[in-house]
């Protein structure tokens, strides 16, 4: 459900929010990953890099203390729901919980990143704009360019790969059901990309013009946490339809799962819950 953000905040959100699906060693080294991404997207000087390291350590510790225990309960509950058969209410429950975790993380990430973001100079912001434009161009080429068949193949592979990650090999019928979902929501993929570009521009504008850390943190958090305020009616309509279609897709696939596929999904969720327990416990070991 999620994916690319404005690269300092965005990388932090992506790495930490995805912690439940990362190997333990990757989570433990998240700060290193984020520093590399920040260096690539912002071209930080030594003082900024040192300040960023302290802010990322604070964000990582906060996430480990406050979010990982919640992930454990969420993942265990998700595993139980999958084991007993997924219903539309279960999908709505999952989306709601993911949004809540994302919004808490974004607010905290903005708070931690703002003291560094306000120090960025014009040349560094130009680097950021260039890197974001490169990423958007690459994404458009891979998923939105070419004729209808090429776009559908790229988007279909992306969605099917996500289901295979949890379920293993898909049956021809399952693949066909996913293909119908992708074809029915092609317009949503285009609108989501346009929306991503819009908030990227808005975020960079905020960073360029707001030089007080607390106010910048507040405004960035609002930008991410209240996206509906800047979205078009068409996007809101298509996004609601996409969410409903996704819920129905998951329910339909649930009815076709083999015992091996269901067991694999439950095992993956239980494994992620165990990872969250172990990672949260390491805070006490390090103290």
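Numbering (our numbering), first residue to last: 61 to 347.
Virtual Cβ for every residue (Gly too), placed ideally from N, Cα, C.
**Message:** Just to confirm the assignment, what range does the alpha helix (DSSP H) spanning residue 120 have?
**Reply:** That run of the alpha helix (DSSP H) goes 106-122.
**Item:** Straight-line gap, residue 209 to residue 192 (C-alpha atoms, nearest Å)
**Value:** The straight-line gap separating the alpha-carbon atoms of residue 209 and residue 192 is approximately 27 Å.
**Own chain, CB closer than 6 Å to residue 128, minus 5 neighbours either side, in chain order** = So the list reads 336, 339, 340, once near-sequence residues are dropped.
**Request:** For residue 317, I'd like the list of residues in its chain whose CB is within less than 8 Å of its CB, leaving aside the five on either flank, ordered along the chain.
**Result:** The residues are 227, 325.
**Cutoff 6 Å; reference residue 175; Cβ partners in own chain excluding five residues on either side** = 273
**Request:** Go through its chain and collect everything with a Cβ distance to residue 135's Cβ below 7 Å, but skip five positions before and after it.
**Result:** Within the same chain, residue 135 has close Cβ partners 80, 329, 332, 333, 336.
**Request:** Use the C-beta contact count for residue 120: other C-beta atoms within 10 angstroms, 16 or more gives buried, fewer gives exposed.
**Result:** buried
**Asked** Which residues in the same chain have their Cβ closer than 7 Å to the Cβ of residue 122, if we skip the five residues on either side of it in sequence?
**Response** Only 168 meet the Cβ criterion.
**Request:** Please confirm whether residue 238 and residue 216 have their CB atoms less than 8 Å apart.
**Result:** yes
**Item:** residue 157 versus residue 164: straight-line alpha-carbon distance, rounded
**Value:** Rounded to the nearest angstrom, the two C-alpha atoms are 11 Å apart.
**Request:** Using only alpha-carbon positions, find the residue among 242, 235, 288, 271 that is nearest to residue 259.
**Result:** Ranking 242, 235, 288, 271 by Cα distance to residue 259 puts 288 first.
**Candidates 108, 197, 244: closest to residue 308 by CA position** = 244
**Item:** 8 Å contact criterion, which residue 204 and residue 250 should meet: CB distance rounded
**Value:** 6 Å
**Prompt:** What is the C-beta distance between residue 177 and residue 101, in whole angstroms, given that I count them as a contact (C-beta under 8 Å)?
**Reply:** Between residue 101 and residue 177 the Cβ distance is about 11 Å, and since that is not below 8 Å, they are no contact.
**Message:** Using 8 Å for Cβ pairs, my map puts residue 170 next to residue 281. What's the rounded Cβ distance?
**Reply:** 5 Å
**Prompt:** Is it the case that the Cβ atoms of residue 230 and residue 224 are separated by a distance below 8 Å?
**Reply:** Going by C-beta atoms, residue 230 is nearer than 8 Å to residue 224.
**Message:** Let me confirm a value: residue 172 is counted as buried when at least 16 other C-beta atoms fall within 10 Å, else exposed. Which label applies?
**Reply:** buried
**Where residue 180 falls, given that 16 or more other Cβ within 10 Å makes a residue buried** = Result: buried.
**Message:** As an exercise, report each continuous alpha helix (DSSP H) stretch of at least 4 residues that is fully enclosed by the segment 227-310, in chain order.
**Reply:** 232-244, 246-269, 273-285
**Prompt:** Between residue 61 and the rest of its own chain, which residues show a CB-CB distance below 6 Å, the 5 nearest in sequence each way excluded?
**Reply:** Annotation note: pLDDT 35 at residue 61 (below 50); position unreliable, coordinate value reported separately. Contacts found: 158.
**Request:** Below 7 Å CB to CB, which residues in the same chain sit around residue 268 once its five sequence neighbours on both sides are set aside?
**Result:** Only 185 meet the Cβ criterion.
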